[in-house]
Amino acid sequence: MWVVGNSGLRSQLYRVRVRDGALTQVTFGDHSLSDWTYDSESGRHFGRFANEHSPGEIHEIDPRTGVLRQRSAIYSTALSGVTLPKQRAFTWSAADGQELEGLLVYPVGYQTGQRYPLVTITHGGPRSSAQFGSWNASRYVPVLAGQGYAVFLPNHRGGTGYGDAFMRAMVGNYFRNAHTDVLSGVDALVANEIADADRLIKMGWSAGGHMTNRLITMTHRFVAASSGAGVADWVSLFGESDRRSGRIPWFGGTPWQENAPLPSYRSQSPVFDAWKVRTPTLFWSGGDDERVPPTQAILMFRAVRDTGTPTALYLGKGEPHNFRQPSHKLFKINRELAWYAEHLGRDAYEADLPAIDPRTEDSGSDGTAP
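Shown next as structure tokens:
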């Protein structure tokens, strides 16, 4: 039997011997493997391998040796002449001694000893992980690096790739360790003279948005933030979302059962601490999102707005949980880059392609309605 497995910042192809479960790793290297396919008649294996040099070309895999043979050259051609940023694994220890790992992407033109503004992006899921490559449009890591930002994608507890106990760390308390894992990683990058402690930015989508909402309610260290499809109130989300059963272990029951664990739901709901927020924050949601409906972003936006903290809300018309329309994706990238530059005191960001006005039918609402 063949399986694709996530191991830390990497994903690889493995062979499993059915009679005793013996596992043999087939592929090796600093990459992520996706879209794996296998032809049982010919015995040929194919998959997309993403790394710091490519968002993911198709390769054929030799199942005996693990040797990869590149079979496509889409990105090799499209990115010819483009300088992609360097990536490396970054490790640190949490306050309780847990060893942690994340992906560090250097700004283009990085010079040792110089501190850079740091954008911390936490993954979705939360049963997921950051991996080598990480070139998807929602993160636009190469663009951030090209703008002079160091980018940090930490793998906090509750995610995958580090064993069952690591993934189950959120059982009974969603934010037991995850948020402090992220902050300890930021501290380590500051201590390593990579990140500038006065120029920290936080962003994320879905579970990454949950994390952003949590962090802006507990620290003022971030000078700007962007939260996409993040939770405000776990109780209302439990009733609204198309997914519920998978969240029950985090809180110890449903919010409407007898003797419901409502204190757990409330203590982990960022909106009840939104009065503490001082970080200028953008909020995003798909107008048709059934996973984390737009009411969550609206709730956080209104709560933060009432503190007098700079904020804005954008709802992508017709969008599901993740933005799909190129115009919406482009607007989000440009708006975030402009927001970060503004609150860092940098020169105003000028988009290569002008952002579409958010009040148009193409890109939704700017949240100015009361």
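Start counting the sequence shown at 143; every next residue gets the next number (our numbering). Every residue, glycine too, gets a C-beta built ideally from N, C-alpha and C. Predicted model only: the values in this text are computed from it and were never measured.
8 angstroms Cβ cutoff met for residue i and residue j
i: V261; j: V285; result: no
i: M120; j: A320; result: Outside the shown range of the chain (143 to 512) lies residue 120, about which nothing can therefore be said.
i: A236; j: D338; result: no
i: K471; j: A231; result: no
i: T359; j: P412; result: yes
i: S348; j: V434; result: yes
i: E199; j: A215; result: yes
i: E416; j: V377; result: According to the sequence as given, residue 416 is Ala; it is not Glu. Contact flag unset, no.
i: F443; j: L455; result: yes
i: R341; j: L486; result: yes
i: Y316; j: Q410; result: yes
i: G388; j: S406; result: no
Beta-carbon proximity list for residue i, same chain, < 6 angstroms, skipping 5 on both sides
i: M368; result: Correcting the residue identity first, residue 368 is Ser in this sequence and not Met. Once the five neighbours on either side are set aside, the close Cβ partners of S368 are M345, L424 and E478.
i: G290; result: P249
i: P197; result: Y217 and W277
i: E382; result: P435
i: S427; result: A371, P436, A439 and L457
Residue i burial status per 10 Å Cβ neighbour count (16 or more: buried)
i: I343; result: buried
i: P259; result: buried
i: A330; result: buried
i: G266; result: buried
i: E194; result: buried
i: G185; result: exposed
i: L325; result: buried
i: D162; result: exposed
i: W392; result: buried
i: P227; result: buried
i: P296; result: buried
i: R159; result: exposed
i: T254; result: exposed
i: D238; result: exposed
i: P512; result: In this prediction, P512 has a pLDDT of 31, which is less than 50 and means its spatial position is unreliable; what the coordinates show is noted afterwards. Counting Cβ neighbours within 10 Å, P512 comes out exposed, since fewer than 16 surround it.
i: R166; result: It is worth fixing the name first, because residue 166 is Thr in this sequence and not Arg. Exposed.
i: V209; result: exposed
i: M312; result: buried
i: T207; result: exposed
i: D431; result: buried
i: G102; result: Here the chain comprises residues numbered 143 to 512, so residue 102 is not present and cannot be evaluated.
i: A307; result: exposed
i: Q229; result: buried
i: A287; result: buried
i: R281; result: buried
Chain-order list of residues whose beta-carbon lies under 8 angstroms from that of residue i (same chain, five-residue window excluded)
i: T396; result: F380, R386, I390 and A402
i: L357; result: H321, V324, L325, K344, F364 and A367
i: R213; result: F188, E199, I200, H201 and E202
i: L404; result: V377 and P397
i: D489; result: A483
i: N148; result: S271, Q273, T302 and G303
i: T451; result: V419, R420, T421, P422 and T423
Cβ shell of residue i (< 7 angstroms), same chain only, five flanking positions each side left out
i: A493; result: N476
i: M309; result: R269, G300, G301 and T302
i: G351; result: S369, G370, A371 and G372
i: D448; result: none
i: G429; result: P436, L457, G458, K459, G460, E461 and G506
i: H362; result: R420 and T421
i: E241; result: T233 and S235
i: F414; result: R408
i: E335; result: G255 and R257
i: V145; result: Y156 and V158
i: N355; result: S369, G372, V373, A374, P412 and M442
i: R318; result: A311 and M312
Chain B contact for residue i (CB, 8 angstroms cutoff)
i: L331; result: Of the protein chains in the structure, only one exists, and it is not chain B.
Bridge-paired residues (DSSP) for residue i
i: V247; result: Q229 and V293
i: H187; result: Y180 and I203
i: V145; result: Y156
i: W234; result: L242
i: V209; result: Paired residues: none, contrary to the question.
i: L167; result: Before going further, note that residue 167 is Gln rather than Leu in the sequence given. Beta-bridge pairing links Q167 to Y156.
i: S427; result: L457
i: Y491; result: Beta-bridge pairing links Y491 to no other residue.
i: N193; result: S196
i: S174; result: A192
i: Y258; result: A337
i: I263; result: M345
i: A367; result: K344 and T423
Are there three or more Cβ pairs, one per stretch, closer than 8 angstroms when the region 150-159 is compared with the region 269-288? yes
Segment contact, 8 angstroms Cβ cut-off, at least three pairs: the region 185-200 with the region 168-176: yes
Within the chosen definition, does the region 176-184 reach the region 221-229 through at least 3 CB pairs nearer than 8 angstroms? no
Could you say if the region 433-442 and the region 230-247 meet the contact criterion of at least three C-beta pairs nearer than 8 angstroms? no
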